[in-house]
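Protein chains: 2
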Amino acid sequence: MGDKTTRDCIVEAADKLFYQQGYERTSFASIASVVQISRGNFYYHFKSKDEILDAVIETRLCTTRRMLQQWEVEGKHPVDRIHRFIQILIDNRLKIKQYGCPVGTLCSELAKLDHGSQSQASQLFTLFRTWLRKQFVQLGHKSNADILAMHLLARSQGVAALANALYSEKFIKNEVKYMRDWLNNYV
Amino acid sequence: MGDKTTRDCIVEAADKLFYQQGYERTSFASIASVVQISRGNFYYHFKSKDEILDAVIETRLCTTRRMLQQWEVEGKHPVDRIHRFIQILIDNRLKIKQYGCPVGTLCSELAKLDHGSQSQASQLFTLFRTWLRKQFVQLGHKSNADILAMHLLARSQGVAALANALYSEKFIKNEVKYMRDWLNNYV
DNA sequence: GACGGTTTAGGACAATTGTCCTAGAATCTG
DNA sequence: CAGATTCTAGGACAATTGTCCTAAACCGTC
Chain A
1 MGDKTTRDCI VEAADKLFYQ QGYERTSFAS IASVVQISRG NFYYHFKSKD EILDAVIETR
61 LCTTRRMLQQ WEVEGKHPVD RIHRFIQILI DNRLKIKQYG CPVGTLCSEL AKLDHGSQSQ
121 ASQLFTLFRT WLRKQFVQLG HKSNADILAM HLLARSQGVA ALANALYSEK FIKNEVKYMR
181 DWLNNYV
Chain B
1 MGDKTTRDCI VEAADKLFYQ QGYERTSFAS IASVVQISRG NFYYHFKSKD EILDAVIETR
61 LCTTRRMLQQ WEVEGKHPVD RIHRFIQILI DNRLKIKQYG CPVGTLCSEL AKLDHGSQSQ
121 ASQLFTLFRT WLRKQFVQLG HKSNADILAM HLLARSQGVA ALANALYSEK FIKNEVKYMR
181 DWLNNYV
């Protein structure tokens, strides 16, 4: 476990399991067996299961913010940065075809559970939305930058959803090529 | 309940609840309270909960097949028929923003549960895929008809997923307009 | 009205769930 | 070393889950 605190280990394991099995499906027992702590020990670190979910979302928000910031540094041109966004579909294609998009599937599950952390989870989308919009604005699309950002976000969501349902890697590659062409023709 | 059999009532209620709350979340008790039968009575009609799921999927497959057949009759031109497909996003926009796409969310949940009926559920997608492909073939796109079918399917999935996550009706309308333009420019 | 198959109600079952409690171990502080 | 604080283990708790069982109600047929 290294030098990470028990709390961090719980959040890390929960993050992974929530993605792979879903939030509700993941029990305290299954997290405990991964982290190797007793079931009763959770309640020293978290008051409830919902609180673990909040911590997981918070972690994901931080990670995503950092990632987007990093992309901002690496990509010289806005087009390069948007291409970097599209690239995550390729990079994560194995996990996507198996578990779908971590953001999309979590939001979908929480919506069905009518869970209170729903709006927090959707902030993950907002992060990408705002970031993409910024890039499109820099490309001169002031009036419809948000439309374009949402469009690209939806496209990637659709790719993830279908690739997961049909368990197809090839489809991801097809669509990514399509998206790249779209982007290059648009700017 | 009319003259429908108890079995039909169970499947109907389960269908609705599976969509609104998810498969795992929906308990026998909650179905029972809708159909107004005792919990123990289920096992006369179904051997297990999985069997109810199978029946629900089977029903959805039948309904979808009928609907696609109907569209085939109503739409004179293949383009009209594809537009009819896009139109479901508008027709079901209220439910979509609240619960997502019934096909997409079910497949996503079953994938996470690693459920045996996963492939059955994804047949729902295949139904649309085959139907759309057929329309594109009739439009003369022989070599990439399947690519186009999958593309449109993914677009609609993405719209549903995002509209659900951000609870936005307006976004659906935006994207539908976009999809219609795409279709008209393509053919 | 008596019979036999179909359908139903309601409770029992073990397992699992999230939650809570308490006693003890570990760690830090003086 | 003594004491206080932080952390942990493990069991108890009620509630809920899917499943199963049995007896009674229903219903058409003789």
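Residue numbers (the working numbering), protein chains in the order written: chain A, 1 to 187; chain B, 1 to 187. Cβ coordinates follow ideal geometry from the N, Cα and C atoms, glycine included. Small disclaimer: the values here were computed from a predicted structure and weren't measured.
Listed in chain order, the non-local C-beta contacts of Q123/B below 7 Å within the same chain comprise L61, local neighbours out to five positions each way being set aside. In the DSSP assignment, L53/A falls within the unbroken alpha helix (DSSP H) covering 49 to 74.
Counting only runs that start and end inside the stretch 150 to 186 of chain B, the alpha helix (DSSP H) elements of at least 4 residues fall at 169 to 186. If the five residues before and after I90/A are omitted, its C-beta is found closer than 8 Å to the C-beta atoms of I172, K173, V176, all from its own chain and listed in chain order.
In terms of Cα proximity to D8/B, the closest of Y23/B, S30/B, I52/B, S33/B is I52/B. Between K95/B and the set V187/B, N185/B, Y186/B, Y167/B, the nearest pair of CA atoms involves Y167/B. If you draw a straight line from the Cα of H151/A to the Cα of R180/A, it comes to about 13 Å.
By the rule that beta-carbons nearer than 7 Å mark a contact, L166/A touches chain B. The continuous alpha helix (DSSP H) containing T130/B extends over residues 118 to 138. Rounded to the nearest whole angstrom, the CA to CA distance from P102/A to D114/B is 16 Å. T130/B is outside the set of residues whose beta carbon lies under 7 Å from a beta carbon in chain A. The CB of F85/B never comes closer than 9 Å to any CB in chain A; the least such distance is about 14 Å. Using a CB distance cut-off of 7 Å, L162/B counts as an interface residue toward chain A.
Spatial neighbours of N144/B in its own chain (CB-CB distance under 7 Å, excluding positions within 5 residues in sequence) are not present. Counting only residues of its own chain and dropping the five nearest sequence neighbours on each side, Q20/A has a CB closer than 6 Å to the CB of Y99.
Separation of Y23/B and K112/A (C-alpha to C-alpha, rounded to the nearest whole angstrom) is 10 Å. For F42/A, the enclosing alpha helix (DSSP H) starts and ends at 42 to 45. Just so you know, the alpha carbons of Q138/B and P78/B end up roughly 7 Å apart. L153/A sits close to R129/A, with the two beta carbons spaced by under 7 Å.
It is roughly 30 Å from the alpha-carbon of A149/B to the alpha-carbon of Q135/A.
In this model, L162/A and T5/A are separated by some 38 Å (Cα to Cα). Setting aside the 5 residues that flank it on each side, H141/B is surrounded in the same chain by L148, each with a C-beta closer than 8 Å to its C-beta; the list follows chain order. When Cβ-Cβ separations below 7 Å define contact, F46/B makes no contact with chain A. In this structure, the alpha-carbon of S108/A lies about 13 Å from that of L110/B. Rounded to whole angstroms, the gap between the alpha carbons of R39/B and A29/B is 6 Å.
By the criterion of a C-beta distance shorter than 6 Å, V35/B is surrounded in its chain by C9, I10, A13, once the five residues flanking it on both sides are discounted. If the five residues before and after L17/B are omitted, its C-beta is found closer than 8 Å to the C-beta atoms of T26, S30, I31, V34, all from its own chain and listed in chain order.
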